[in-house]
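Novice: Sending over a structure as structure tokens; questions will come in a sec.
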Amino acid sequence: MTHLPFSVSKRKGQRIYYVQFKAKDGSYLPGVSTGQRVKAAAIEISFKWFREGRPTKDKPIGMSLREAVRNVNSSDEAELICNEPKGLGFLKSFVIIKSKQAVDFGEFLGL
């Protein structure tokens, strides 16, 4: 199962999905309404806020990209983060350690 860098859920008796982002210490921050009634749409907007910060009247609220990447705790989370720039055309490919595609550079060169 893929672990997201946030949690998306409905509050009891509510139709709208809320997102809770992880703090540096791994605990969850208070929930914020996504304004979405469909879970897939709530996850999509949560990823946007994760990348760009949650919009406010003054400025986005969020953690820096460096801070987010340093909070990666598993290869599933790393893959999730690497898929974003790949989908945008910034990465052609990537290899997750301990996958069948992962080989030493020397081995790759045939040394």
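Just so we're aligned: the sequence shown equals residues 260 to 370 in the working numbering. Where a beta carbon is used, it is the ideal one built from N, C-alpha and C, also for glycine. All values reported here derive from a predicted model rather than from experimental measurement.
Quick check on DSSP: helix, strand or coil for Val331?
Specialist: Of the three classes helix, strand and coil, the one that applies to Val331 here is coil, per DSSP.
Novice: I believe Pro264 touches Glu336 by the beta-carbon criterion, under 8 Å. Please report the beta-carbon distance rounded to the nearest angstrom.
Specialist: At roughly 6 Å, the Cβ-Cβ gap stays under 8 Å, so Pro264 and Glu336 are in contact.
Novice: What does Phe204 pair with, by DSSP beta-bridge criteria?
Specialist: Outside the displayed range of the chain (260 to 370) lies residue 204, so it cannot be described from this structure.
Novice: If you count every other CB in all the chains shown that lies within 10 Å of the CB of Lys374, and 16 or more means buried, which is it?
Specialist: Since the first residue of the chain shown is 260 and the last is 370, residue 374 is not available in this structure.
Novice: Can you check DSSP and say which residues form a bridge with Lys307?
Specialist: BP columns for Lys307 are empty, so no partner.
Novice: Do Val267 and Ile304 have their C-beta atoms within less than 7 Å of each other?
Specialist: No.
Novice: Can you tell me whether Tyr287 is buried or exposed? The criterion is at least 16 other CB atoms within 10 Å of its CB, across all chains shown.
Specialist: The residue is exposed, with fewer than 16 neighbouring Cβ atoms inside 10 Å.
Novice: Per the DSSP calculation, Val291 is bridged to which residue(s)?
Specialist: Paired residues: Val278.
Novice: Under 8 Å by Cβ, that's how I've got Gly290 and Gln279 pegged, so tell me the actual separation to the nearest angstrom.
Specialist: 5 Å between Cβ atoms; contact.
Novice: Can you grab the Cα-Cα spacing for the pair Gly348 / Val331, in whole Å?
Specialist: So the two alpha carbons sit approximately 22 Å from each other.
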